[in-house]
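When we follow the working numbering, the leftmost residue of the sequence shown carries the number 19, and every step to the right adds one. Every residue, glycine too, gets a C-beta built ideally from N, C-alpha and C. Since the structure is predicted, the reported quantities are computational estimates derived from the model, not experimental observations.
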Amino acid sequence: MECHQSTNRKNTINRLWKNYSNPLLSNDAKVSSPCKYKSLCVEYLKSLNWNEALFDRRFNRCYCSNCYPDSWNNTLVEAGSLYVIPRHWCRFGLQVDKIRSDVDHIWHDWIVTYHGTSAEAAHSIVAYRQFLIPGDKCIDGEKIAIHPGHIKEQYHIYTSPTIAYSSIPCYCPSKQFRSKITNNLYNARIVIQCRQKPGTFQVQQETIEAGNKRICPIIPNSQVEIFTTFRASIVPYGLLIHLTEIS
């Protein structure tokens, strides 16, 4: 009986994987079979109840080890700068204003950066298409504050050229999520992938007291933090999701 129940459960899960469909899930995986990790990320994204009009599936891309093999490049060159591939994350493309992208040539001239944040803050950034600086007010009147543990009296927007830094817990808090597909519990994190205009920001060393511990194998600790006061110099184009199963 136990073996029969186990087989039925596996068959049920496989049917869920096969039948799980959503406009946010594009067919850009580089493997022949559906990506289970990507489907889980879609399920989490759906649970947030964001308006689907915010997304552009043309920019969807899964960077799990199956969809983006270990033998593939860890970096590319974009706008003359290193673009560090967000391995083990899954990206959902965001709508980007075509006039803005054409006028500012963001796909050709602007570098790729990352901004770690909470799901709630990410929704505000994506829905209203702008980053805010501490002291600014949201559309609901709430004033943006400097989070506890962050450097006081520093009124900037912070990004990084590497997701290894932007996804550190103090910038990128996790949120528990239980999948209906697997019935497993996961820690979910969100990072926004951006295009950022060169010449509008400054680069500095890490500010989390990492010491001699290397944060990213590609970008040195002395160059992992970017800060700016130019709100319009950052354009979000991808929502990156990472899920870690809780034992």
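With distances taken between CB atoms, is the gap from residue i to residue j smaller than 8 Å?
i: residue 135; j: residue 186; result: no
i: residue 75; j: residue 257; result: no
i: residue 210; j: residue 133; result: yes
i: residue 148; j: residue 249; result: yes
i: residue 223; j: residue 245; result: no
i: residue 57; j: residue 195; result: no
i: residue 242; j: residue 183; result: yes
i: residue 204; j: residue 111; result: no
i: residue 270; j: residue 72; result: The structure shown has nothing for residue 270, since the chain only spans 19 to 265.
i: residue 101; j: residue 82; result: no
i: residue 178; j: residue 219; result: no
i: residue 193; j: residue 137; result: yes
When every heavy atom of the ligand ADP is checked, does at least one fall within less than 7 Å of the C-beta of residue i?
i: residue 184; result: No copy of the ligand ADP appears in this structure; indeed no ligand is present at all.
So what does DSSP say about residue i, is it helix, strand or coil?
i: residue 205; result: strand
i: residue 161; result: Legend: pLDDT at residue 161 = 49, less than 50; position of this residue unreliable, value from coordinates given subsequently. If DSSP states are grouped into helix, strand and coil, residue 161 belongs with the strands.
i: residue 138; result: helix
i: residue 176; result: strand
i: residue 56; result: helix
i: residue 105; result: coil
i: residue 242; result: coil
i: residue 219; result: coil
i: residue 99; result: strand
i: residue 232; result: coil
i: residue 237; result: coil
i: residue 63; result: helix
i: residue 150; result: coil
i: residue 253; result: strand
i: residue 43; result: For residue 43, the pLDDT reaches just 42, beneath the cut-off of 50, and the residue's location in the model is therefore unreliable, although a value from the coordinates is still provided. It is coil, neither helix nor strand.
i: residue 281; result: It is not possible to answer for residue 281, since the shown part of the chain is limited to 19 through 265.
i: residue 261; result: strand
i: residue 143; result: helix
i: residue 193; result: strand
i: residue 86; result: coil
Are there 16 or more other CB atoms within 10 angstroms of the CB of residue i, so buried, or fewer, so exposed?
i: residue 247; result: exposed
i: residue 24; result: Because the pLDDT at residue 24 is just 42, under 50, the model does not fix this residue reliably, and the value given afterwards should be weighed accordingly. Under this definition residue 24 is an exposed residue.
i: residue 238; result: exposed
i: residue 79; result: buried
i: residue 181; result: buried
i: residue 104; result: buried
i: residue 189; result: buried
i: residue 95; result: exposed
i: residue 235; result: exposed
i: residue 146; result: exposed
i: residue 86; result: buried
i: residue 265; result: exposed
Report back the beta-carbon spacing between residue i and residue j to the nearest angstrom; my notes put them in contact at under 8 Å.
i: residue 93; j: residue 212; result: Actually they are not in contact, since the Cβ atoms of residue 93 and residue 212 sit about 17 Å apart, beyond 8 Å.
i: residue 215; j: residue 125; result: About 12 Å; that fails the 8 Å criterion.
i: residue 198; j: residue 61; result: 7 Å
i: residue 90; j: residue 141; result: Wrong, their Cβ atoms sit about 31 Å apart, outside the cutoff.
i: residue 84; j: residue 53; result: 6 Å
i: residue 201; j: residue 263; result: With a Cβ gap of about 11 Å, residue 201 and residue 263 do not count as contacting.
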